[in-house]
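Enquirer:
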Amino acid sequence: MSPTTDVLEPALTARSFRAIGTTATVVVQDPGDAEVAERLLATELMAIDLACSRFRDDSELQAVHADAGRTVAVSPLLFDALTVACDTAERTGGAVDPTVGNAIAALGYDADLDEVRARPPVPPRALGRVAGYQHVQLNARNRTVRIPRDVRLDLGSSAKALAADRAVARIADRIGSGTLVSLGGDVAVAGPPPTGGWAIGVALQSSTPPEEADQVVAIRHGGLASSGTSARTWRVGDRDVHHIINPQSGDCVEPYWDLVSATGSSCIEANLVATAAIVWGERALDELRRFEQSVRLVRLDGKVFFVNGWPEECAA
Amino acid sequence: MSPTAQPNRLAERDRAKSRVRFLTRGAIVAASGATVALGIVVAQDHPGASAGRDAANSNSSSSSTAVTHNSSSSGTNSGSSDSGTTGTTGNTGTSSSSSSTPSASSSSPTVTSGATS
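The listed protein sequences correspond, in order, to chains A and B.
Quick note, the first sequence lines up with residues 45 to 360 if you use the working numbering.
Quick note, the second sequence lines up with residues 74 to 190 if you use the working numbering.
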């Protein structure tokens, strides 16, 4: 972990470091708060990784996998992550489903992406329709979970969004000031925002420098999240695949949207819509009618669609 | 794959959902009474999708969907791709009054939201 510090105008200070396979950034309005903010974010991410990672043998999620078919008591954090994942699945009609763990592993994504990309391409092995979130049994009273035998979970984007929401709330509460947290471009903000709100660049890839983003929008609370099929890709057989799985096929989603960005009352709310829209593909514009999140969708041919009040133009 | 477990109990799920929502939205003022409708605007091509950064520098009088934000100036350099699919069809629906609706900004962004790399 080699953190970097950028002093931004006016008096915004950003700290970035690598964690949970992506870039984590915290932005505060008083440079004196940067140190504690970064430390709190790192602590939160270590906790979410230990609870939810499907790549490390000592994670709590792996213990749940090992006990598949049996009822297991879990920590409050993992229980929250499981609840968010199942809630996300339910609200998206199963488009974003946590029981895709075996499916994505069968496509080769069973380790950190750098490691996956370094391997020789493996033959494609789509497993077909996944078990479905309905078979994840959660008991809030006893804080237990039971998953079917042979099912593995991928809490993926919903856990990342949960981590962003948790971290930003904790940091803002501690420092008593407005805070922004970005985990690979999934953004959560809390506390009083800067004048004009939190300016966030939107670009096809979160690695794009903010000053080179395609559009700049501002939010004052909640979150902004993006999902796309062009960044986390690797080679399988004779084709490139990505990390967003269609639960109906067990294969990666056939790309229709290049990028979907959404805002919401939290990063979780934004993320569920952005990810689901990728899975819905052409149906997304219809499906989004039942949500209130503002959404920007970039189709593969470059056309941009806006839903529920996303600003059409950047400020000039 | 043949799952054998029974579906969740609704009451338990509801309690769990309420708990998580409380945890994750504690610092957020919820939107209330928002009248939400759908508006879809078809804008012109998105230069970043295939044409790369160069497209953002092409001249166009139409509204921008890609902007090179210059933090050293008060404005932005906007442009669109030249594929001919410019123009905005206008809102076919309405705008949203959701309190999480973003606004256009001329400030310097601190982070980029995009596909996670």
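Ideal Cβ positions, reconstructed from N, Cα and C, are used throughout, including at glycine.
Remember, it's a predicted structure, so these values are computed and weren't measured experimentally.
(1) Chain B partners of G229 of chain A, CB-CB under 9 Å?
(2) Which residues in the same chain have their Cβ closer than 6 Å to the Cβ of G229 of chain A, if we skip the five residues on either side of it in sequence?
(3) Using a C-beta to C-beta distance shorter than 9 Å, which residues of chain B count as neighbours of L224 of chain A?
(4) Please decide whether H109 of chain A counts as near chain B, where near means a Cβ-Cβ distance under 8 Å.
(5) Given R135 of chain A, which residues of its chain have a CB within under 7 Å of its CB, disregarding the five upstream and five downstream residues?
(6) Let me know if G235 of chain A comes out buried or exposed under the rule of 16 or more other beta-carbons within 10 Å of its beta-carbon.
(7) Let me make sure I understand the geometry here. Which of A:P164, A:S201 and A:S226 has the alpha-carbon closest to that of L85 of chain A?
(8) Which residue comes first and which comes last in the beta strand (DSSP E) that contains H286 of chain A?
(9) Decide if G240 of chain A is buried, meaning its Cβ has at least 16 other Cβ atoms within 10 Å, or exposed.
(10) Decide yes or no for the touch test of the stretch 255-263 of chain A against the stretch 272-289 of chain A: beta carbon pairs closer than 8 Å, at least 3 of them.
(11) Comparing C-alpha positions only, which one of A:D345, A:T57, A:I64 and A:A107 sits nearest to V204 of chain A?
(12) Let me know the beta strand (DSSP E) ranges lying completely inside the stretch 315-348 of chain A, each 3 residues or longer, listed in chain order.
(13) Would you mind sorting P355 of chain A into buried or exposed? The rule is 16 or more other CB atoms within 10 Å of its CB.
(14) For D158 of chain A, is the classification buried or exposed, using 16 other Cβ atoms within 10 angstroms of its Cβ as the cut-off for buried?
(15) Cβ closer than 9 Å: which chain B residues qualify as neighbours of L122 of chain A?
(16) Check for me: the beta strand (DSSP E) holding G266 of chain A runs from which residue to which?
(17) Let me confirm a value: E336 of chain A is counted as buried when at least 16 other C-beta atoms fall within 10 Å, else exposed. Which label applies?
(18) Straight-line CA distance for A262 of chain A to G113 of chain A?
(19) Any idea if N352 of chain A is buried or exposed, counting beta-carbon neighbours within 10 angstroms, 16 or more meaning buried?
(20) Taking the alpha carbon of R343 of chain A as the point to measure from, which residue in A:A318, A:L303, A:R327 and A:W242 has its own alpha carbon closest?
(21) Can the beta-carbon of P142 of chain A be found less than 8 Å from the beta-carbon of A133 of chain A?
(22) Bridge partners for A177 of chain B per DSSP, in chain order?
(23) Taking the straight line between their C-alpha atoms, what separation do you get for A78 of chain A and D209 of chain A?
(24) Take R173 of chain A as the anchor and find which of A:A139, A:S201 and A:D154 has the nearest alpha-carbon.
(25) Just checking my contact of T174 of chain B with S119 of chain A at CB under 8 Å: how many whole Å lie between their CB atoms?
(26) Could you check if G187 of chain B is buried or exposed, using at least 16 other CB atoms within 10 Å of its CB as the buried criterion?
(27) Under three-state DSSP, which class holds V72 of chain A?
(28) Buried or exposed: where does T115 of chain A fall if 16 or more other Cβ atoms within 10 Å of its Cβ makes it buried?
(29) For P254 of chain A, go through chain B and note every residue whose CB falls closer than 8 Å to its CB, in chain order.
(30) What does DSSP give as the partner residue(s) for G308 of chain A in the beta ladder?
(31) Considering only the beta carbon of each residue, do T307 of chain A and G267 of chain A sit closer than 8 Å?
(32) Does the beta-carbon distance from V70 of chain A to R62 of chain A come in below 8 Å?
(33) Starting from the Cα of G176 of chain A, find the closest Cα among A:D194, A:V348 and A:N183 and give me that residue.
(34) Return yes when the C-beta of G176 of chain A is under 7 Å from any heavy atom of the ligand ZN, and no when it is not.
(35) Would you please verify whether the beta carbon of Q249 of chain A is less than 8 Å from any beta carbon of chain B?
Expert: Here's the rundown:
(1) The residue labelled residue 229 of chain A in the question sits at position 185 within the first sequence. V184, T185, S186, G187, A188, T189 and S190, listed in chain order.
(2) Here residue 229 of chain A refers to the residue found at position 185 when the first sequence is read from its first residue. So the qualifying residues of the chain are S250 and S270.
(3) Locating residue 224 of chain A in the first sequence gives position 180, where the first residue counts as 1. T183 and V184, listed in chain order.
(4) Numbered from 1 along the first sequence, position 65 holds the residue referred to as residue 109 of chain A. So no, H109 of chain A is outside the interface.
(5) Taking the first residue of the first sequence as 1, we reach residue 135 of chain A at position 91. The residues are L316.
(6) Start at 1 with the first residue of the first sequence, and residue 235 of chain A comes out as number 191. Burial call: buried.
(7) The residue given as residue 85 of chain A occupies position 41 in the first sequence. Of the listed residues, the one whose Cα sits closest to L85 of chain A is A:S226.
(8) As a position in the first sequence, residue 286 of chain A is number 242, starting the count at 1. H286 of chain A -> beta strand (DSSP E) spans R283 to H286.
(9) As a first step, residue 240 of chain A is located in the first sequence; it is residue number 196 there, counting from the start. G240 of chain A is exposed by the Cβ-count criterion.
(10) no
(11) For the purposes of this step, residue 204 of chain A is taken as the residue at position 160 of the first sequence. The displayed chain sequence assigns Lys, not Val, to residue 204 of chain A. The shortest C-alpha separation from K204 of chain A is found at A:I64.
(12) 339-343
(13) As a first step, residue 355 of chain A must be located in the first sequence, where it is residue number 311. The residue is buried, with at least 16 neighbouring Cβ atoms inside 10 Å.
(14) As a first step, residue 158 of chain A is located in the first sequence; it is residue number 114 there, counting from the start. Per the 10 Å Cβ criterion, exposed.
(15) Stepping through the first sequence from its first residue, residue 122 of chain A is reached at position 78. Here the premise fails: no neighbours, minimum Cβ distance about 12 Å.
(16) In the first sequence, residue 266 of chain A corresponds to position 222, counting from 1. From DSSP, the beta strand (DSSP E) with G266 of chain A extends over G266 to G272.
(17) Looking up residue 336 of chain A in the first sequence gives position 292. Its Cβ being crowded by 16 or more others within 10 Å, E336 of chain A is buried.
(18) If you number the first sequence from 1, residue 262 of chain A lands on position 218. If you number the first sequence from 1, residue 113 of chain A lands on position 69. Each residue's alpha carbon lies about 46 Å from the other.
(19) Position 308 of the first sequence, counted from the start, is the residue given in the question as residue 352 of chain A. Flag for N352 of chain A reads buried.
(20) As a first step, residue 343 of chain A is located in the first sequence; it is residue number 299 there, counting from the start. Nearest option by C-alpha distance: A:L303.
(21) Along the first sequence, read from residue 1 onward, the residue named residue 142 of chain A stands at position 98. Along the first sequence, read from residue 1 onward, the residue named residue 133 of chain A stands at position 89. In contact: P142 of chain A and A133 of chain A (Cβ atoms closer than 8 Å).
(22) On the second sequence, residue 177 of chain B is found 104 positions in, with the first residue counted as 1. DSSP output for A177 of chain B lists A:V261 as bridge partner(s).
(23) For this step, residue 78 of chain A is matched to residue 34 along the first sequence. For this step, residue 209 of chain A is matched to residue 165 along the first sequence. Spanning the two alpha carbons is a distance of roughly 18 Å.
(24) To locate residue 173 of chain A, count along the first sequence from 1; it is residue 129. With distances taken between Cα atoms, R173 of chain A lies closest to A:A139.
(25) As a first step, residue 174 of chain B must be located in the second sequence, where it is residue number 101. As a first step, residue 119 of chain A must be located in the first sequence, where it is residue number 75. Their Cβ separation, rounded to whole angstroms, is 35 Å, which puts T174 of chain B and S119 of chain A out of contact at 8 Å.
(26) Working through the second sequence from its first residue, we reach residue 187 of chain B at position 114. The residue is buried, with at least 16 neighbouring Cβ atoms inside 10 Å.
(27) In the first sequence, residue 72 of chain A corresponds to position 28, counting from 1. In this structure, V72 of chain A counts as strand in the three-state DSSP scheme.
(28) By one-based count along the first sequence, residue 115 of chain A stands at place 71. So T115 of chain A ends up on the exposed side.
(29) Your numbering for residue 254 of chain A matches position 210 in the first sequence. Result: H142, S181, P182, T183, V184 and T185.
(30) Here the question's residue 308 of chain A lines up with position 264 in the first sequence. Its beta-bridge partners are A:G267.
(31) Taking the first residue of the first sequence as 1, we reach residue 307 of chain A at position 263. Taking the first residue of the first sequence as 1, we reach residue 267 of chain A at position 223. A contact, by the Cβ cut-off of 8 Å.
(32) The residue you call residue 70 of chain A lines up with position 26 of the first sequence. The residue you call residue 62 of chain A lines up with position 18 of the first sequence. Against a cut-off of 8 Å, the Cβ pair of R62 of chain A and V70 of chain A comes out as no contact.
(33) One-based indexing of the first sequence puts residue 176 of chain A at position 132. The shortest C-alpha separation from G176 of chain A is found at A:D194.
(34) In the structure shown, the ligand ZN is absent, as is every other ligand, since no ligand is present at all.
(35) By one-based count along the first sequence, residue 249 of chain A stands at place 205. Closer than 8 Å: yes.
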